[in-house]
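Novice: One structure, pasted below without further comment.
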């Protein structure tokens, strides 16, 4: 048998050599060719699951754990690409710093994780006066444990291999995920103000009040200053007058409430988010309709377009005014009032992305 096997190997030596070359080539290609981009919504711990614990040094070299980072009501854990070469990340981190007080007021801790070495994090934190923990995950051990390693970056990429898909986990004091936020485009970053509003919290920002006997409107933007890629929200907190109600979207026969935003270059607009309505029975007509008759909130999410064309549209612009209209019809238990169309506007400051590199520049 040994002689026959040797003859087999010799007879097909050329074929074996070819197979070996192909296998080696495939192995090399698998380590240098990026994988297809996955659906980021499916990556990492999902709502209801527990996040892995860790011990990582912050920008001061102090070890931090989940327990040490927790606030009384939980932790906001942000994963970002780099505080050295990623302008969207650095701009996001600077925005987070402006909201630390709001998070503390809501009982939440805050920390952000990247693969950056401690010196890079220390350099950035010093330049931008970042006070919350920036955690160094050398070797991307925690990033991989959380299942959010960016697999589209090949191992041959010295600078970028090891970065996470950027996103945010909200966990309770037991380490259970209660909310998570990941964007399809890495350039788009949810502002902390918009996250707080989405979670049902109030934030301390200037607001415009519009009052009438039928409906009181408090209108505000979650952020005063935004940058390309900033995902923020325009908010309407509304209180119907005594015995008043307004009609929910989808109602026919009446004028349902509707928020519309005027399109403009440099601004990406999604559909408004309306709360769940309640059933109202109008006995004289024996009809059930969906209405709002208690305080309610409409959230309109918008993004400063990070694409080249979007940024070109806003070049040399320092402020952006967003115009909209709120249409509604208010009724009490006897009278339906004339439908209204209330003009609205929000003005935000526009800042450039943070493009300053670490000193010395990271050798990654």
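Residue numbers (the numbering used here): 10 to 373.
In this text, a Cβ means the ideal position worked out from N, Cα and C, and glycines have one as well.
Remember, it's a predicted structure, so these values are computed and weren't measured experimentally.
(1) Measure the alpha-carbon distance for residue 135 versus residue 142 and round it to whole angstroms.
(2) Per DSSP, which residues does residue 139 bridge with? Please list them.
(3) Could you tell me whether the Cβ atoms of residue 152 and residue 124 are closer together than 8 angstroms?
(4) Suppose the cutoff is 7 angstroms on Cβ atoms and the five residues either side in sequence are ignored; what does the same chain contact list for residue 104 look like?
(5) For residue 130 versus residue 68, is the C-beta distance shorter than 8 angstroms?
(6) Rounded to whole angstroms, what is the Cα-Cα separation between residue 48 and residue 57?
(7) Pop quiz: residue 359 and residue 235 are said to be a contact at Cβ under 8 angstroms. What is the actual Cβ separation, rounded to whole angstroms?
(8) So, helix, strand or coil for residue 147, using DSSP?
(9) Among residues of its own chain, excluding the 5 on either side of residue 180, which ones have a beta-carbon nearer than 7 angstroms to its beta-carbon?
(10) Just to check my reading of the structure: residue 354 and residue 330 have Cβ atoms closer than 8 angstroms, yes? What is that Cβ distance to the nearest angstrom?
(11) For residue 8, does the count of other Cβ atoms within 10 angstroms reach 16, so buried, or fall short, so exposed?
(12) Rounded to whole angstroms, how far is the Cβ of residue 264 from the Cβ of residue 348, which I believe are closer than 8 angstroms?
(13) With distances taken from CA atoms, which of 89, 311, 301 and 182 is nearest residue 283?
(14) Does residue 308 come out as helix, strand or coil in the three-state DSSP assignment?
(15) How close, in whole Å, do the beta carbons of residue 178 and residue 66 come, if the pair is a contact with beta carbons under 8 angstroms?
(16) Do residue 337 and residue 5 count as a contact pair if the criterion is CB distance below 8 angstroms?
(17) Pull up the distance between the alpha-carbon of residue 230 and that of residue 194, whole angstroms please.
(18) Consult DSSP for residue 347 and reduce its assignment to one of helix, strand or coil.
(19) Taking the alpha carbon of residue 318 as the point to measure from, which residue in 64, 273 and 127 has its own alpha carbon closest?
(20) Should residue 132 be labelled buried (16 or more other beta-carbon atoms within 10 Å of its own) or exposed?
(21) When you compare each of 117, 303 and 253 to residue 291 by their alpha carbons, which one comes out closest?
(22) For residue 356, name the three-state secondary structure that DSSP assigns.
(23) Per DSSP, what are the beta-bridge partners of residue 191 in this structure?
(24) Tell me the rounded alpha-carbon separation between residue 172 and residue 244.
(25) For residue 101, which three-state DSSP category applies?
(26) My output table needs one value for residue 218: the three-state DSSP class, helix, strand or coil.
(27) For residue 298, count the other beta carbons within 10 Å of its own beta carbon; 16 or more makes it buried, fewer makes it exposed. Which is it?
(28) Less than 8 angstroms separating the beta-carbons of residue 233 and residue 214?
(29) Mapping the DSSP letters down to three states, classify residue 152 as helix, strand or coil.
Specialist: For this structure:
(1) In the chain shown, the residue the question calls residue 135 occupies position 126. In the chain shown, the residue the question calls residue 142 occupies position 133. Going from the Cα of residue 135 to the Cα of residue 142 covers about 12 angstroms.
(2) Within the chain shown, the letter at position 130 stands for residue 139. Among the bridge pairs identified by DSSP, residue 139 is matched with none.
(3) Locating residue 152 in the chain shown gives position 143, where the first residue counts as 1. Locating residue 124 in the chain shown gives position 115, where the first residue counts as 1. In terms of Cβ geometry, residue 152 and residue 124 form a close pair [threshold 8 angstroms].
(4) Indexing the chain shown from 1 puts residue 104 at position 95. So the qualifying residues of the chain are 200 and 201.
(5) The sequence position of residue 130 within the chain shown is 121, counting from 1. The sequence position of residue 68 within the chain shown is 59, counting from 1. Taking 8 angstroms as the Cβ cut-off, residue 130 and residue 68 qualify as a contacting pair.
(6) The residue given as residue 48 occupies position 39 in the chain shown. The residue given as residue 57 occupies position 48 in the chain shown. Distance between the alpha carbons of residue 48 and residue 57: 19 angstroms.
(7) Within the chain shown, residue 359 is the residue found at index 350, counting from 1. Within the chain shown, residue 235 is the residue found at index 226, counting from 1. Confirmed, about 6 angstroms.
(8) Here residue 147 is taken as the residue at index 138 of the chain shown, counted from 1. It is helical.
(9) Taking the chain shown and counting its residues from 1, one reaches residue 180 at position 171. The residues 60, 83, 84, 86, 186 and 187, in chain order, have a CB closer than 7 angstroms to that of residue 180 in the same chain once the five nearest residues on each side in sequence are set aside.
(10) Taking the chain shown and counting its residues from 1, one reaches residue 354 at position 345. Taking the chain shown and counting its residues from 1, one reaches residue 330 at position 321. Going by Cβ atoms, the distance from residue 354 to residue 330 rounds to 6 angstroms, so yes, they are a contact pair.
(11) In this structure the chain extends from 10 to 373, so residue 8 is not present and cannot be described.
(12) Counted from its first residue, the chain shown places residue 264 at position 255. Counted from its first residue, the chain shown places residue 348 at position 339. Beta-carbon to beta-carbon, residue 264 and residue 348 are separated by about 4 angstroms, close enough to satisfy the 8 angstroms threshold.
(13) Against the chain shown, residue 283 aligns to sequence position 274. Of 89, 311, 301 and 182, the residue nearest in Cα terms is 301.
(14) In the chain shown, residue 308 corresponds to position 299, counting from 1. Looking at residue 308 - three-state DSSP - the assignment turns out to be strand.
(15) Locating residue 178 in the chain shown gives position 169, counting from the first residue. Locating residue 66 in the chain shown gives position 57, counting from the first residue. That belief does not hold up - the Cβ atoms of residue 178 and residue 66 are roughly 20 angstroms apart, past 8 angstroms.
(16) Outside the shown range of the chain (10 to 373) lies residue 5, about which nothing can therefore be said.
(17) Residue mapping note: residue 230 aligns to position 221 of the chain shown, counting from 1. Residue mapping note: residue 194 aligns to position 185 of the chain shown, counting from 1. Computed Cα separation, rounded: 22 angstroms.
(18) Against the chain shown, residue 347 aligns to sequence position 338. The DSSP-derived three-state label of residue 347 is coil.
(19) Stepping through the chain shown from its first residue, residue 318 is reached at position 309. Among 64, 273 and 127, the Cα nearest to that of residue 318 is on 273.
(20) The residue labelled residue 132 in the question sits at position 123 within the chain shown. Per the 10 Å Cβ criterion, buried.
(21) Taking the first residue of the chain shown as 1, we reach residue 291 at position 282. With distances taken between Cα atoms, residue 291 lies closest to 253.
(22) The count along the chain shown starts at 1 and reaches residue 356 at position 347. Residue 356: strand per DSSP, three-state reduction.
(23) Taking the first residue of the chain shown as 1, we reach residue 191 at position 182. BP columns for residue 191 point to 176.
(24) Position 163 of the chain shown, counted from the first residue, corresponds to residue 172. Position 235 of the chain shown, counted from the first residue, corresponds to residue 244. When rounded, the distance between both Cα atoms is 33 angstroms.
(25) Position 92 of the chain shown, counting from 1, holds the residue named residue 101. Residue state for residue 101 is assigned as helix, using DSSP reduced to three classes.
(26) Here residue 218 refers to the residue found at position 209 of the chain shown. The DSSP-derived three-state label of residue 218 is strand.
(27) As a first step, residue 298 must be located in the chain shown, where it is residue number 289. So residue 298 counts as buried.
(28) Within the chain shown, residue 233 is the residue found at index 224, counting from 1. Within the chain shown, residue 214 is the residue found at index 205, counting from 1. Contact flag set, yes.
(29) Translated into the one-based positions of the chain shown, residue 152 becomes position 143. Helix at residue 152.
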